[in-house]
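Residue numbers (the numbering used here), protein chains in the order written: chain A, 215 to 574; chain B, 215 to 574.
Worksheet: the structure to be examined is printed underneath.
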């Protein structure tokens with residue numbers, strides 16, 4: 215598939231320099247079509263009978279297999295969820311941490327991880343890495359470990375600056391459980407989730423899926439309590455609620471997931487070209503270079519597909535101005551920064567428009 | 215709106231005697247159209263910028279207000295969820311019950327409630343009501359209360375037999391907290407959720423919404439811990455995850471919900487005619503009468519919109535046979551029973567087809 219063919223799949227690119235996959239990715243025609251076809255089928259044929267339920271299970275298993283392929287792990291270690299936040303809640307509720315336990319995280323995490331960390335009951339130790347060189351992150355994080363540390367919970371790619379975190383090295387060096395928030399990594403950069411204990415996936419961002427579906431890799435399902443059971447997570451259940459969990463990580467599956475969304479996601483997952491990561495990396499580097507000529511770019515080179523920079527003026531107002539000029543980016547509240555998301559679909563023209571749109 | 219106009223909204227009724235709303239309701243043309251239009255908009259205009267996020271919040275609040283209206287409670291006491299199961303997990307994880315606490319439930323609950331009950335840590339006492347006269351349920355349940363009982367958790371309408379449970383009387387008589395699984399009641403029978411402490415809603419069943427969305431009524435949000443926080447449930451959050459919850463029951467909101475699904479649900483909620491409950495009740499009574507002439511009907515008169523009966527043969531095989539004959543019903547595994555779901559859209563012709571389809 216050529217770059218032009220890829221661009222043509224995403225109608226939004228005809229209208230906008232769409233640089234917002236860190237929030238929601240662009241939708242492809244085939245994705246919308248699969249959603250609409252499934253909806254039409256459900257409308258006409260109803261949502262019942264054997265074919266319907268067989269289709270539902272086939273869609274779930276299809277998505278599970280593809281997410282496993284992306285993460286480089288076996289399919290039976292993937293749970294299907296609604297979101298990364300839900301994945302974080304599943305892990306943190308299941309670990310049964312107490313006030314004597316410590317969890318280490320960074321100072322640049324998303325509420326979807328932070329909320330579940332807070333309610334886990336553990337003491338949360340926040341390590342400052344966001345405003346420091348990426349090369350220091352490993353020492354800073356590993357240096358914060360104490361005998362009470364039970365878990366390291368952090369993003370693979372920080373949603374604020376796009377800084378890549380040394381999640382694999384951390385696990386090797388500390389030997390501790392590592393929960394990785396993969397919202398800004400899966401689909402954006404190559405991922406080997408097998409180097410973590412828990413790894414979350416957001417399907418609506420870099421995987422360009424319908425909103426909202428997610429995944430959760432659990433390396434050792436027997437060691438995590440099923441804290442949020444659903445109809446789909448149990449093999450059998452007694453009248454008092456005691457249950458036999460499903461095999462593997464299917465025991466962490468969320469409940470019913472929408473068939474149109476699953477169908478759309480399956481289409482989206484099958485569309486991405488082989489050169490996705492290489493091209494996205496190049497786009498991000500070019501974005502850095504262009505912005506660096508005019509602004510302070512806080513993202514270091516060769517991190518990920520997010521590029522954050524300090525514009526000459528109010529970031530929130532400039533994000534609105536950019537939208538009016540046909541460029542979709544976001545501001546990072548409280549920081550004065552703007553963030554551009556570069557995908558494998560991003561053109562040089564998109565980046566030129568970005569620079570122009572945020573200039574006063 | 216006339217009965218014929220209502221029927222014409224649901225294309226599946228042209229093909230099937232669709233008697234399966236207890237699992238998934240029929241979809242209306244307007245519902246599918248709203249989903250498709252929103253998907254098309256997201257495809258072409260992208261999922262970013264102020265108009266997109268404003269639309270998302272407007273859809274959420276629109277659904278919240280309509281669900282509140284259906285339950286007869288203030289909108290700020292409704293949380294938006296993905297499902298009844300998620301609502302049960304939100305409540306049971308937030309109550310912080312321990313092994314000294316008892317929860318009373320019935321012997322005919324759905325895994326979506328039973329799983330969360332089991333993992334709550336409380337002792338689950340199962341009261342047999344499913345095979346007993348509905349009039350005995352109140353005494354049986356209230357009689358099981360002990361000084362350790364902290365919660366009564368049960369369906370308003372049992373998903374197995376359609377028996378209506380005396381949830382309001384139970385709360386009055388015991389003074390205990392009551393969690394009501396409303397999966398088979400909201401949209402099927404009139405509901406006053408204000409008589410419960412927690413009340414769940416399934417939108418994809420009797421409300422004919424897209425799969426899957428739900429609601430949760432929480433009467434006193436200050437008294438339930440936010441155990442499963444999301445980006446949407448917090449007003450503000452600190453780097454260590456400590457947060458200020460949203461006002462009212464919005465603090466229990468699930469994460470991102472799909473815009474196409476919310477748009478479809480809003481359309482579905484606006485379609486139901488005023489005479490929905492009266493007509494559904496009549497359909498269920500007629501269904502009982504017709505089936506009683508040939509089979510043992512286990513559902514008592516004047517319960518709800520579900521009618522369960524014992525066919526002359528294997529229930530699972532007969533459900534398949536019925537589907538092949540254009541009638542969508544379900545069997546209840548392990549019981550030998552078939553279950554028909556009667557809605558305000560059900561015609562006498564549908565019911566005649568049902569009797570014929572399950573006859574050997």
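C-beta: ideal position from N, C-alpha, C; glycine also.
Once you ignore the five residues that flank residue 433/B on each side, which residues in its own chain have a CB closer than 6 Å to its CB?
The residue labelled residue 433/B in the question sits at position 219 within the second chain. Excluding sequence neighbours, residue 433/B sits near 411.
Please name the residues in the region 394-428 of chain B whose beta-carbon is closer than 7 Å to at least one beta-carbon of chain A, in chain order.
Residues passing the 7 Å Cβ filter: 424, 425, 426.
Residue range of the alpha helix (DSSP H) that residue 386/B falls in?
Taking the first residue of the second chain as 1, we reach residue 386/B at position 172. 381-388 is the extent of the alpha helix (DSSP H) around residue 386/B.
Report the residues of the region 345-379 of chain A with a CB closer than 9 Å to any CB of chain B, ordered along the chain.
Under the 9 Å Cβ criterion, the region 345-379 of chain A contributes no residue.
When the cut-off is 9 Å and only beta carbons count, does residue 240/A lie next to chain B?
The residue you call residue 240/A lines up with position 26 of the first chain. Yes, residue 240/A counts as interfacial toward chain B.
Does the beta-carbon of residue 574/A have 16 or more other beta-carbons within 10 angstroms, so that it is buried, or is it exposed?
By one-based count along the first chain, residue 574/A stands at place 360. Exposed, by the Cβ-count rule.
Using CA coordinates, which residue listed in 455/B, 506/B, 421/B, 347/B is at the minimum distance from residue 277/B?
One-based indexing of the second chain puts residue 277/B at position 63. Closest option to residue 277/B, Cα to Cα, is 421/B.
Can at least three beta-carbon pairs, one atom from the region 540-552 of chain B and one from the region 232-242 of chain B, be found at a separation below 8 Å?
Cβ pair count under 8 Å is three or more, so yes.
Below 8 Å CB to CB, which residues in the same chain sit around residue 344/B once its five sequence neighbours on both sides are set aside?
Start at 1 with the first residue of the second chain, and residue 344/B comes out as number 130. Excluding residues within five positions, the ones whose Cβ falls inside 8 Å are 320, 321, 322, 372, 374, 375, 377.
Which ranges does the beta strand (DSSP E) cover as unbroken runs of at least 3 residues, wholly within the region 483-546 of chain B, from first to last along the chain?
Correct list: 520-524, 544-546.
Using 9 Å as the threshold, is the C-beta distance between residue 635/B and residue 403/B below it?
Missing from the structure shown is residue 635/B; chain B here goes from 215 to 574 and no further.
Give the straight-line distance between the Cα atoms of residue 454/B and residue 470/B, rounded to the nearest whole angstrom.
As a first step, residue 454/B must be located in the second chain, where it is residue number 240. As a first step, residue 470/B must be located in the second chain, where it is residue number 256. Their Cα atoms are separated by approximately 22 Å.
Does the distance from the C-beta atom of residue 426/A to that of residue 440/A stay below 9 Å?
Here residue 426/A corresponds to residue number 212 of the first chain, with the count starting at 1. Here residue 440/A corresponds to residue number 226 of the first chain, with the count starting at 1. Contact flag unset, no.
Who are residue 339/B's beta bridge partners in DSSP?
By 1-based counting over the second chain, the position of residue 339/B is 125. Looking at the DSSP assignment, residue 339/B forms a beta bridge with 318/B.
Between residue 561/B and chain A, is the shortest Cβ-Cβ distance under 9 Å, so that the two count as touching?
Numbered from 1 along the second chain, position 347 holds the residue referred to as residue 561/B. Answer no: the Cβ-Cβ gap between residue 561/B and chain A never drops below 9 Å.
Would you tell me roughly how many angstroms separate the C-alpha atoms of residue 552/A and residue 400/A, rounded to the nearest one?
Taking the first residue of the first chain as position 1, residue 552/A is located at position 338. Taking the first residue of the first chain as position 1, residue 400/A is located at position 186. Approximately 22 Å between the Cα atoms of the pair.
Pull up the distance between the alpha-carbon of residue 419/B and that of residue 512/B, whole angstroms please.
Sequence index remark: in the second chain, residue 419/B carries index 205 (1-based). Sequence index remark: in the second chain, residue 512/B carries index 298 (1-based). Going by the C-alpha atoms only, they are around 22 Å apart.
Got a sec? Which residues, its chain only, sit under 8 Å from residue 247/B by beta carbon, not counting five neighbours each side?
Here residue 247/B corresponds to residue number 33 of the second chain, with the count starting at 1. Same-chain partners within the cutoff: 481.
Tell me the rounded alpha-carbon separation between residue 274/B and residue 266/A.
As a first step, residue 274/B must be located in the second chain, where it is residue number 60. As a first step, residue 266/A must be located in the first chain, where it is residue number 52. So the two alpha carbons sit approximately 28 Å from each other.
Decide yes or no for the touch test of the region 491-511 of chain A against the region 524-534 of chain A: beta carbon pairs closer than 8 Å, at least 3 of them.
Output reads yes: the region 524-534 of chain A touches the region 491-511 of chain A.
Please classify residue 398/B: does DSSP put it in a helix, a strand, or coil?
Walking along the second chain from the start, residue 398/B turns up at place 184. Note: residue 398/B maps to coil in three-state DSSP.
Considering just the uninterrupted stretch of the alpha helix (DSSP H) at residue 248/B, what are its terminal residues?
Working through the second chain from its first residue, we reach residue 248/B at position 34. Element bounds for residue 248/B: 243-259.
When we look at the beta-carbon of residue 416/A and count the other beta-carbons within 10 Å, is it buried (16 or more) or exposed?
Taking the first chain and counting its residues from 1, one reaches residue 416/A at position 202. So residue 416/A ends up on the buried side.
Between which two residues does the alpha helix (DSSP H) carrying residue 447/A extend?
Within the first chain, the letter at position 233 stands for residue 447/A. It is not in any alpha helix (DSSP H) - residue 447/A carries neither H nor E in the DSSP assignment.
Assuming residue 398/B contacts residue 236/B (C-beta within less than 8 Å), just tell me the rounded distance between them.
Working through the second chain from its first residue, we reach residue 398/B at position 184. Working through the second chain from its first residue, we reach residue 236/B at position 22. Going by Cβ atoms, the distance from residue 398/B to residue 236/B rounds to 6 Å, so yes, they are a contact pair.
Within a Cβ cutoff of 6 Å, which residues of the same chain sit near residue 312/B, ignoring the five residues on either side of it in sequence?
Here residue 312/B is taken as the residue at index 98 of the second chain, counted from 1. Within the same chain, residue 312/B has close Cβ partners 335.
Does residue 460/A come within less than 9 Å of chain B when only Cβ atoms are used?
Along the first chain, read from residue 1 onward, the residue named residue 460/A stands at position 246. Judged by the 9 Å Cβ criterion, residue 460/A is not in contact with chain B.
Taking Cβ positions only, does residue 473/B come closer than 9 Å to chain A?
To locate residue 473/B, count along the second chain from 1; it is residue 259. Yes - at least one Cβ of chain A is within 9 Å of the one on residue 473/B.
Quick one: is residue 456/B near chain A, going by C-beta distance under 9 Å?
Residue 456/B sits at position 242 when you count from the first residue of the second chain. Output row for residue 456/B: interface = yes.
By the 10 Å Cβ neighbour count, where 16 or more other Cβ atoms means buried, how is residue 252/A classified, buried or exposed?
Stepping through the first chain from its first residue, residue 252/A is reached at position 38. Residue 252/A is buried by the Cβ-count criterion.
From residue 309/A to residue 391/B, what does the alpha carbon distance come to, in whole angstroms?
Locating residue 309/A in the first chain gives position 95, counting from the first residue. Locating residue 391/B in the second chain gives position 177, counting from the first residue. So the two alpha carbons sit approximately 28 Å from each other.
Can you have a look at residue 245/B and say buried or exposed, based on whether 16 or more other CB atoms are within 10 angstroms of its CB?
On the second chain, position 31 is the one that residue 245/B refers to. When all chains shown are included, residue 245/B counts as buried.
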